[in-house]
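Novice: Here the sequence shown stands for residues 52 to 288, where the numbers follow this note's numbering. All C-beta atoms, glycine included, are put in the ideal place defined by N, C-alpha and C.
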Amino acid sequence: MGPVANALVTGGARRVGAAIARELAARGARLAIHYHRSEPAARALAAELGGVAVCADQTDAAQVERALGEAWDALGSLDLVVANAATFRRTPLDGLSEADFDEQVGVNLKGPFLWCLAAGRRMKARGAGCLVNVSCASTRRPWADHVPYAAAKAGVEGMTLALARALAPAVRVNAVAPGPVLLPEGSDGAQAARAAAATLLGRVGRPEDVARAVAFLAESPYITGQVLAVDGGMGIR
Ligand SMILES: NC(=O)c1ccc[n+]([C@@H]2O[C@H](COP(=O)([O-])OP(=O)(O)OC[C@H]3O[C@@H](n4cnc5c(N)ncnc54)[C@H](OP(=O)(O)O)[C@@H]3O)[C@@H](O)[C@H]2O)c1
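1. Are there any heavy atoms of ligand 1 lying less than 6 Å away from the beta-carbon of His197, as far as the coordinates show?
2. Would you say Asp196 and Pro143 are within 7 Å of each other, going by their C-beta atoms?
3. When DSSP labels each residue in this structure, what does Tyr273 get in the three-state scheme?
4. Ignore the nearest five residues each way along the sequence and tell me which others in Lys204's own chain have a CB closer than 6 Å to its CB.
5. Can Val132 and Ala170 be called in contact, C-beta distance under 7 Å?
6. Just list the residues that DSSP pairs Val222 with in beta bridges.
7. Given a cut-off of 7 Å, decide if Leu214 and Val207 are closer than it, judged by their beta-carbon atoms.
8. Using the Cβ count rule (16 or more neighbours within 10 Å means buried), how would you classify Leu160?
9. State yes or no: is the beta carbon of Ala205 nearer than 7 Å to at least one beta carbon in chain C?
10. For Cys167, tell me which candidate among Glu270, Ala95, Leu182 has the shortest Cα-Cα distance.
11. Starting from the C-beta of Ala246, find all residues in its chain whose C-beta is less than 7 Å away, skip the five residues before and the five after it, and write them out in chain order.
12. Beta-carbon separation of Leu252 and Gly286 under 7 Å?
13. Consider the C-beta atom of Val232 and the heavy atoms of ligand 1; say whether any pair is separated by less than 6 Å.
14. Any heavy atom of ligand 1 closer than 6 Å to the beta-carbon of Arg88?
15. Report the rounded CA-to-CA distance for Phe164 versus Gln242, giving the unit in angstroms.
16. Express the C-alpha separation of Gln155 and Thr110 in angstroms, rounding to a whole number.
17. What does the alpha-carbon distance come out to for the pair Leu212 and Ile71?
18. Note down, in chain order, each residue of its chain lying with its Cβ closer than 8 Å to the Cβ of Arg122, except the 5 sequence neighbours on either side.
19. Answer yes or no: do Leu126 and Lys175 have a C-beta to C-beta separation smaller than 7 Å?
20. If you follow the alpha helix (DSSP H) that Ile287 is in, where does it begin and where does it stop?
21. Is the beta carbon of Ala80 less than 7 Å from the beta carbon of Val55?
22. Need the endpoints of the alpha helix (DSSP H) that Val133 sits in, please.
23. Am I right that Gln136 and Gly240 are in contact with their C-beta atoms under 8 Å? What's the rounded C-beta distance?
Structure follows, in structure tokens:
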């Protein structure tokens, strides 16, 4: 695939997802911005980029299928889906519950799975397409108080490789694994310093670093089944 014509970015209204949407739009793509709760931001970005906004709770297969269909129909088809939406919160072992696990794995693994399945089947039938999942560099250096999150993101990487085989040769499937590029809202200076110190480059990255890697994978016709770390060297620190 050369330049991306039509793309859906999940969780595209804000933060890293919005940077990915802007990068793809700057390269000429028409965008579908998926959102869950950020409707005003999604509609504003879609209007700015000349795209559409679609809503789904990605833990619900029917909602994902409907939203994917809306995006597909609005843009004529999709040649790229970026499964970016996720949730991130501390779940220390003391007090960690089955509900915590179900929530983290539901949003962070089942969610991307549902998007990939819905989009991958349509792309395979059409004979072309590309999926990019957003994992996390912490799969190689997991945090002790994020066990369900680590399990989910490692699952995303395994799923990426399996789907690359299942959907070849029509559909390429890759992932990016960001390091710290945008700290959770409310993070303080000490957290930023710890995040920077966890990398080889000694600094927090930017959402645009992830966006460029997503675009690179989308535009590289001979790459499939890969996980590209965009982590300032955190994974080998
Ligand atoms: N930020 C970083 O430094 C960093 C580091 C490593 C990996 N990553 C990965 O990069 C991606 C983007 O990071 P981020 O920090 O921008 O993410 P984020 O702000 O935590 O979440 C992105 C979006 O996910 C959507 N979302 C959450 N629960 C959902 C649900 N049940 N159904 C559908 N959508 C849901 C939300 O959309 P609404 O706002 O519309 O509700 C949210 O805005 C994530 O996959 C993250 O794990 C980020």
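Specialist: So, from the data block:
1. No.
2. Using a Cβ distance threshold of 7 Å, Asp196 and Pro143 count as a contacting pair.
3. Tyr273 falls in the coil class under three-state DSSP.
4. For Lys204, where only same-chain residues beyond five positions count, the Cβ hits under 6 Å are Ser186, Cys187, Thr190.
5. A contact, by the Cβ cut-off of 7 Å.
6. Beta-bridge partners of Val222 (DSSP): Gly180.
7. No, the pair does not count as a contact, with Cβ atoms beyond the cut-off.
8. The Cβ neighbour count for Leu160, taken over all protein chains shown within 10 Å, is at least 16; the residue is labelled buried.
9. Among the chains in the structure shown there is no chain C, since it carries only a single protein chain.
10. When only C-alpha atoms are compared, the closest one is Leu182.
11. In its chain, beyond the 5 residues on either side, Pro231, Leu234, Val255 have a beta carbon closer than 7 Å to the beta carbon of Ala246.
12. No, they are not a contact pair.
13. True, at least one ligand heavy atom lies under 6 Å from that Cβ.
14. Because some heavy atom of ligand 1 lies under 6 Å away, the Cβ of Arg88 counts as near it: yes.
15. In this structure, the straight-line span from the alpha carbon of Phe164 to that of Gln242 is close to 31 Å.
16. A direct Cα-Cα distance of roughly 10 Å separates Thr110 from Gln155.
17. Each residue's Cα considered, the two are about 22 Å apart.
18. The residue asked about is misnamed: residue 122 is Ala in this sequence, not Arg. Within the same chain, Ala122 has close Cβ partners Leu59, Ala83, His85, Val103, Val105, Leu129.
19. It is not a contact, given that the beta carbons lie outside the stated cut-off.
20. Premise fails: Ile287 is in no alpha helix (DSSP H) and is neither H nor E.
21. At a Cβ-Cβ threshold of 7 Å, Ala80 and Val55 count as neighbours.
22. Val133: not part of any alpha helix (DSSP H); member of the beta strand (DSSP E) spanning 131 to 134, first to last residue.
23. One point to set straight first is that residue 136 is Ala, not Gln, in the sequence displayed. Contact check for Ala136 and Gly240: beta-carbon distance about 28 Å, past the 8 Å limit, so the pair fails to qualify.
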